[in-house]
Every structure is written in structure tokens, then in C-alpha cells.
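Visitor:
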Amino acid sequence: MLRLLGLSCAAALAACALPTAPEPDPGAAGTASLAPALAPAQSQAAEPAPPMSGPHPPLEAVSEPAPFTPQALASFDEPWAMAFLPDGRALVTQKKGQLRLVTVSGSAATSVDVGGVPAVAYGGQGGLGDVVLHPQFASNRWIYLSYAEAGPNSTRGAVVARYRLDTSAGGATLSDRRLIWTQSPKVTGEGHYGHRLAFGPDGLLWITSGDRQKFDPAQDLSTNLGKVVRLRDDGSIPPDNPFAEAGGVRAQIWSWGHRNPLGIAFDAAGQLWTHEMGPQGGDELNLIEKGANYGWPLVSNGSHYGGADIPDHVTRPDLNPPEITWTPVIAPAGLVIYSGDRFPQWRGHGLIGGLASQALVRVEFHRNIAREVARYPMGRRIREVEQGPGGEVYVLEDGAGGRLLRLVPKP
99 MLRLLGLSCA
109 AALAACALPT
119 APEPDPGAAG
129 TASLAPALAP
139 AQSQAAEPAP
149 PMSGPHPPLE
159 AVSEPAPFTP
169 QALASFDEPW
179 AMAFLPDGRA
189 LVTQKKGQLR
199 LVTVSGSAAT
209 SVDVGGVPAV
219 AYGGQGGLGD
229 VVLHPQFASN
239 RWIYLSYAEA
249 GPNSTRGAVV
259 ARYRLDTSAG
269 GATLSDRRLI
279 WTQSPKVTGE
289 GHYGHRLAFG
299 PDGLLWITSG
309 DRQKFDPAQD
319 LSTNLGKVVR
329 LRDDGSIPPD
339 NPFAEAGGVR
349 AQIWSWGHRN
359 PLGIAFDAAG
369 QLWTHEMGPQ
379 GGDELNLIEK
389 GANYGWPLVS
399 NGSHYGGADI
409 PDHVTRPDLN
419 PPEITWTPVI
429 APAGLVIYSG
439 DRFPQWRGHG
449 LIGGLASQAL
459 VRVEFHRNIA
469 REVARYPMGR
479 RIREVEQGPG
489 GEVYVLEDGA
499 GGRLLRLVPK
509 P
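If you're matching positions, the sequence shown starts at 99 in my numbering and goes up one per residue.
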């Protein structure tokens, strides 16, 4: 099924011509075991076309020239995420297991290695992942890292650990490690870790956890795979989590039914938004609600890589639908909701990196409704987008030699 969701055909022509393969994902062999279980519900050919994007008709994307010029500052080896320190320097993770402390000066940037970084299980989609600062970083110097960790019998899983960052001697070192969270159970394979991090306005730590390409755990509340997790800053459970009284892994869960969530951000109203990669089509932007089920793998607006259909969201009104779906995919990676003044027309809008679309995607929010309003071609896969302390917008390209770009507003 071919649908353009949240983007008019005219505005999408350029994007559709770009490569559309998302990150490495299971092929036909990896999805065949699930297809027979879904077969009784596959009646899409006989049904009328479902609504294009949940309950809200999408706005057509505006085709507009990019209001910025990308300025290349530095390059990295498979950069994955970045976070800015209060003094304007940035931390950039590299997937192979390096953390770089970056200083931007004028039109260039220099960086040094940070010591004390943990060993990571590099391979596939795994390695060193996200980095965020504690809300009281200025006083406690705590940062949080997510990364893939090896387990027994060739298993792997994401973990989150807290460190103290010391830059007092001119260099940079991590110390005082504390394990905060572990994906449970560790499983075989090297995909769909998720492991994006954000602190909310409540001061709590939010973690996206992918399904690890195993499908069914996303609907299993005895695991934290395929979930959005909510924790205190020390890893303990907030008492108002929806399943807090259940204890164990289930107590961590805020929402479930997620596939591979690779972006997480709060808007000015305190609402939580995440995006996730769909299978063959059906990328999603979701408004995350307490105790809600977002449907994967029971429903999706995409299809399995082997060609088997998946029931659309409209077939299960009891499950939370996405606010935007994308087919062809954009392969979303990284999400920031802009609050600066360098691009005043973007204030309150979401900025999403596109891997397959090789674009920066801009999304407008109206309360609980979201619509794609612009797509800016970048010419390379975009892994991460962040706002600097002065309201600047920075972008990281994906892969070996991925550049750090600053978006300079056009006059």
C-alpha cells in the first residue's frame, strides 16, 4: 500500500527520489514467523482506504526554500547523539564507543576524547548511543549515557548509566559510574535498541526502548522491550507510574507497543512526543500518554519486509494511533522541539532528522495535533538534531565522516 502521509505529492517528489531504505532491519526471513499469526486479520484489499493519519486529517506540507545555510564545523566517526554543556561546548557520541568534547570557535570546531567511557557492544545498530545532561548538571556534573552491552550466549541489550563529568584539568574524564537501567531481557541480534533519553519537566528520566526486532515483546508487560520507560534520576520507580504497584520491570513502563523509537522530546506544554521507525512504510510520530498501547506489532501503517501486510491502525480503535505516519518512510532519527530565537518562525515546532529522506523535517504542533509542514533536503542521512544554548540549530550527519553542521539563518 502506497500512501503519502502528512506530505503532499507535489512537495514529496524530491524526497521520494531519495533512497528509501531505513537502517538495517530484519528482512523476509526475520518477519516470516509473525506473518502467519497476523494472516486472519489481513483484509486490507477489501476495505476502503483508512484515514491518512489517525483521527486528524493532515495538513499539506509547505514547499519552501530552506531558511538556512548549513555550515560544516567538524567531522566524526559514526556520530550518534549530542548534548550541549552550559558553557557552549558539546558532547558528541560516536557509535564505536568514543565520547568527544567539542568546542566551537567561529566557523570551526575542535574536539578531544573523554576518558572513562564504558566498553560497548558495537555492531549493527548497537554501540554508544545517546547522551543527556542532568537538569542540575551545573551543580552535580552528572551526564547519562545509553549504549549496547554484551550479555551471555551472544545476547545484547541497551543500558543507561550515570557518570560525573570532570573537565577541571583541561581534559575530560568520566567517573562515579552508576547503572540506571537495563533492557530486559537481553536477546540475540543487533537492532532496534531505541535507547533515546530525555529529562522531562517533572525532573524524571524518560527512556525509549526498542523491540530488538523480536516483535511480540512490545506487547508483553513482563519485559521492557518496545516500551517508553519513566524513572527517577537514580533509576528508582516513580510511584505514579501506571504499573508502579506491580513491581519489577513492569513498574518502569509508561507506554508500550513501540517498534524502534529514535526520537523523544517534550513540548512547551509538557506533552511528550516520540517518533519511531516503521517496518516497510509506516514511520510514526506519537503523542505519548500514560498507560497507553501504541499497537506494534498488532497494527502498523506499513508492511513487513517480506511483503506480508499488517492491519492498519484504523482496524484497532482501542489502540493509540500515531499523529503522523510516513509512507514512503523518512526513517526518523533525533528530535528537538525548538524554543530559540535564531529561527523565530520555528519556535514550538519539532525538528526531525531523516535518514532515508536525507532531510530535516519540520513539524508543527497544535495542542495534541501534529502535522509536517516542511522538509529541507540535506543531501546526506541525518542522525541527530539539537538546539544550542544560544538558540542555534546543530545537525549531525550519519555514518563514517558524519559532519557536525550549524544551520546559519539566511538574511
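Note that the Cβ used here is the ideal one computed from N, Cα and C, for glycine as well.
Note that this is a predicted model, so its numbers are computed, not measured.
(1) Below 8 Å, how does it come out for the segment 296–313 and the segment 353–368: are there three or more Cβ pairs, yes or no?
(2) Can you tell me whether DSSP reads Phe313 as helix, strand or coil?
(3) Do you know whose CA, among Asp314, Gly486, Leu385, Gly204, lies nearest Arg440's CA?
(4) Can you list, in chain order, the residues of its chain whose CB lies under 8 Å from that of Pro153, leaving out five sequence neighbours each side?
(5) Should the segment 198–214 be called in touch with the segment 161–171, which here means at least 3 C-beta pairs below 8 Å?
(6) Using only CA atoms, which one of Ser252, Met476, Gly301, Leu385 lies nearest to Asp332?
(7) For the beta strand (DSSP E) that Asn466 lies in, which residues bound it at each end?
(8) Can you tell me the Cα-Cα spacing of Trp178 and Ala344, whole angstroms?
(9) List the endpoints of the continuous alpha helix (DSSP H) containing Asn384.
(10) Would you call Asp185 buried or exposed, if buried means 16 or more other Cβ atoms sit within 10 Å of its Cβ?
(11) Give a yes or no on whether the C-beta atoms belonging to Leu453 and Ala429 are separated by under 7 Å.
(12) What is the DSSP secondary structure of Phe235, counted as helix, strand or coil?
(13) Return the chain-ordered ranges of every beta strand (DSSP E) run that is complete within the segment 342–391 and spans a minimum of 3 residues.
(14) According to DSSP, is Ser209 part of a helix, a strand, or is it coil?
(15) In angstroms with no decimal places, state the Cα-to-Cα distance between Asp264 and Glu495.
(16) Looking only at its chain, what residues have a beta carbon closer than 8 Å to the beta carbon of His447, apart from the 5 residues adjacent to it on each side?
(17) Which first and last residues belong to the beta strand (DSSP E) in which Gly452 is found?
Guide: On the basis of the supplied data:
(1) yes
(2) coil
(3) Measuring from the Cα of Arg440, the nearest candidate turns out to be Gly486.
(4) Note that Pro153 has pLDDT 37, beneath the 50 cutoff, so the model's placement of it is unreliable and the number below is only indicative. The answer, listed in chain order, is Pro419.
(5) yes
(6) Gly301
(7) From DSSP, Asn466 is part of no beta strand (DSSP E); its letter is neither H nor E.
(8) 35 Å
(9) Note, Asn384: premise wrong, no alpha helix (DSSP H); beta strand (DSSP E) at 381–386.
(10) exposed
(11) Against a cut-off of 7 Å, the Cβ pair of Ala429 and Leu453 comes out as a contact.
(12) helix
(13) 351–354, 359–364, 370–374, 381–386
(14) strand
(15) 27 Å
(16) Correct list, in chain order: Ile435, Tyr436, Arg460, Val461, Glu462, Phe463, Val471.
(17) 448–452
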